[in-house]
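Let me begin by presenting the structure, written as structure tokens, before commenting on it.
Protein chains: 2
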Amino acid sequence: MSRAPLNPSTVVAEATALADESGLDAVTLSAVARRLGVRTPSLYFHVRDHAALLDGVSTVALADLTARVARAVAGRSGRAALAGLLQAHRAFAQDAPGRWQALQRRTGPDVAASDAARTLVELTDAVLRGYDLPPDERVHATRLLGATINGYLTLERVGSFDHREPGTDVSWDRAVDALDSLLRGWPAASAPATRPGTAPGTGPGTAPETGSTAP
Amino acid sequence: MSRAPLNPSTVVAEATALADESGLDAVTLSAVARRLGVRTPSLYFHVRDHAALLDGVSTVALADLTARVARAVAGRSGRAALAGLLQAHRAFAQDAPGRWQALQRRTGPDVAASDAARTLVELTDAVLRGYDLPPDERVHATRLLGATINGYLTLERVGSFDHREPGTDVSWDRAVDALDSLLRGWPAASAPATRPGTAPGTGPGTAPETGSTAP
DNA sequence: CCCTCAGCCTAAACCCTGTAGGCAGAAAAC
DNA sequence: GTTTTCTGCCTACAGGGTTTAGGCTGAGGG
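Printed below as a string of structure tokens:
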């Protein structure tokens, strides 16, 4: 096997492949170096350290997820868009488990500040705009939605749902219905003390509250 | 410092304390041995391996969480019980972060089959019985509830909510309202093909779908 | 007394992360 | 052409971790 020169994206791609095959815990510099046919210290020319390597995987993962979500919600609104959004997340977690795991960790600031992170938030907000939510409630709904997606996929992944019937596909369908129902009938805030400065803007510094992580 | 003889629960207790102080990743056999004033290999008389040590922490965590939930929902029903359940989880995650982390991992079968795990499911089901849910929908609601709790606490912990206002306490309150609203108005299943064998029993093999993990 | 065993120890194999310094070849400068 | 620079790899090593194997010691039992 002839050895092409390494570069950072090659190193990250190999780490990403390894993560999806064997889980994120298997991504060590040693293992990646072995797969690339070099000695471990040689990788330090291309990635700063182990955490930077994992941030690279997180970045790839975020771009992938964002692209999937964009495709899934394009041209849809209301429940169909919501279902698309949710299913994109679940399919991502199932198709690329290592990449998905890479989004469950606390990442460096570059990942949180990336364009993909911002796009993902915007896409989620776009889905929520199909529901008649008060503007200052949108951030709460976004967070709850992201929490639910992530929580569900985590529990599914670690087997928490394996111990009783029915299988998780049915519960997933029910969850989509439930979330749609919740968003259509989002409860009014009981306290009238709304703060004047809480517009749910998605400014450029916003990392996704919808499933990926931040520093 | 005189050295009392070690035993498995002492070793696990030290690991638990270390987890809460420095995070679950800091729990290595070496670190625990150092804190106990013994050499690392000496721990193998008391715990089988690293995974078993972490399972020990998970077991302690589960018992703690279950006790907290039991206290929080006792004598309450409806929204108050739900709020108590949710707040017990959140307080647990904040008071004992390492213990909480220990419940986010895939554990050995003993943890999933423990009495505490079963009790936790039963307590959650008891809370849900305060809502007018069809019996065969209860499992879906339980899973969604557990997913949401866990997802929220995870995202909060890794800082996903740090990037825009308002703070997460407000979103938490809104989430409690939202979940209460959802459970009160749980959507009917659209497909009439209910399977005949799907009674939502909480048999003794049931591990908690409400936040802890399974093998 | 001797034997057993619990509960610790050391030694060592193997793995990982990261730093320091060295080497070789290609490209740029003279 | 030669010399210099730099990229991109290497080895060596320090320091940390996990685990197995075998040894030692003191207490308890026969």
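As you go down the protein sequences, you meet chains A and B in turn. Everything in the first sequence is counted per the UniProt record's numbering, starting at 1 for the first residue and increasing by one. Everything in the second sequence is counted per the UniProt record's numbering, starting at 1 for the first residue and increasing by one. Glycine residues also receive a C-beta, built at the ideal position from the N, C-alpha and C atoms.
Local conformation of residue i per DSSP, three classes
i             : result
residue 9/B   : helix
residue 168/B : helix
residue 104/B : coil
residue 92/A  : helix
residue 44/B  : helix
residue 160/B : coil
residue 130/A : coil
residue 49/A  : coil
residue 114/A : coil
residue 39/A  : coil
residue 77/B  : coil
residue 142/B : helix
residue 193/B : Interpretation of residue 193/B is limited by its pLDDT of 42, a score under 50 that renders its predicted location unreliable; the figure taken from the coordinates is listed afterwards. Residue 193/B: coil per DSSP, three-state reduction.
residue 27/B  : coil
residue 135/A : helix
residue 109/B : helix
residue 188/B : coil
residue 4/A   : coil
residue 17/B  : helix
Beta-carbon proximity check, residue i vs residue j, cutoff 8 Å
i             : j             : result
residue 72/A  : residue 84/A  : yes
residue 99/A  : residue 28/A  : no
residue 57/A  : residue 19/A  : yes
residue 181/B : residue 23/A  : no
residue 69/B  : residue 128/B : no
residue 38/A  : residue 8/A   : no
residue 12/B  : residue 60/B  : yes
residue 179/B : residue 145/B : yes
residue 183/B : residue 105/B : no
residue 137/B : residue 174/A : yes
residue 187/B : residue 177/A : yes
Backbone CA spacing between residue i and residue j [nearest angstrom]
i             : j             : result
residue 156/B : residue 162/B : 8 Å
residue 107/A : residue 158/B : 8 Å
residue 225/B : residue 80/B  : Residue 225/B is absent from the structure shown; chain B starts at 1 and stops at 215.
residue 67/B  : residue 91/A  : 36 Å
residue 148/A : residue 41/A  : 41 Å
residue 193/B : residue 167/A : With a pLDDT of 42 at residue 193/B, under the threshold of 50, the modelled position of this residue cannot be trusted, and the question is left open.
residue 51/B  : residue 74/A  : 44 Å
residue 10/A  : residue 189/B : 47 Å
residue 63/B  : residue 114/B : 9 Å
residue 101/A : residue 93/A  : 8 Å
residue 153/A : residue 121/B : 19 Å
residue 141/B : residue 143/A : 19 Å
residue 78/A  : residue 151/A : 22 Å
residue 36/A  : residue 25/A  : 18 Å
residue 87/A  : residue 6/A   : 36 Å
residue 43/A  : residue 21/A  : 21 Å
residue 139/A : residue 130/A : 14 Å
residue 125/B : residue 160/B : 30 Å
residue 33/B  : residue 49/B  : 13 Å
residue 82/B  : residue 171/B : 16 Å
residue 89/B  : residue 65/B  : 7 Å
residue 31/A  : residue 4/B   : 41 Å
residue 45/B  : residue 119/A : 52 Å
residue 134/B : residue 76/B  : 21 Å
residue 169/B : residue 169/A : 32 Å
Under 8 Å by beta carbon: chain A residues contacting residue i
i             : result
residue 109/B : What residue 109/B touches in chain A: nothing, since even the nearest Cβ is about 10 Å away.
residue 181/B : 182, 185, 186, 187
residue 151/B : 146, 147, 148, 149, 150, 151, 152, 154
residue 80/B  : Simply none; closest approach about 14 Å.
Interface partners of residue i on chain B, CB under 8 Å
i             : result
residue 171/A : 139, 140, 143, 144
residue 37/A  : Under the 8 Å cutoff, chain B gives no residues; its nearest Cβ is about 30 Å from residue 37/A.
residue 48/A  : Going along chain B, no residue has its Cβ under 8 Å from residue 48/A, so there is no contact; the nearest lies around 19 Å.
Contacts of residue i in chain B (Cβ-Cβ under 9 Å)
i             : result
residue 105/A : 158
residue 131/A : Those do not exist, as residue 131/A stays about 12 Å from chain B at its closest Cβ, beyond 9 Å.
residue 99/A  : Ordered by position in chain B, no residue passes the 9 Å Cβ test against residue 99/A, which lies about 16 Å from the chain.
beta-carbon residue i near the ligand NAD non-hydrogen atom, thresh 7 Å
i            : result
residue 34/A : This structure lacks the ligand NAD; in fact it carries no ligand of any kind.
Chain-ordered chain A contacts of residue i [CB-CB under 9 Å]
i            : result
residue 64/B : Simply none; closest approach about 18 Å.
residue 76/B : Simply none; closest approach about 18 Å.
residue 34/B : Within 9 Å Cβ-Cβ: nothing; residue 34/B doesn't reach chain A, min ~23 Å.
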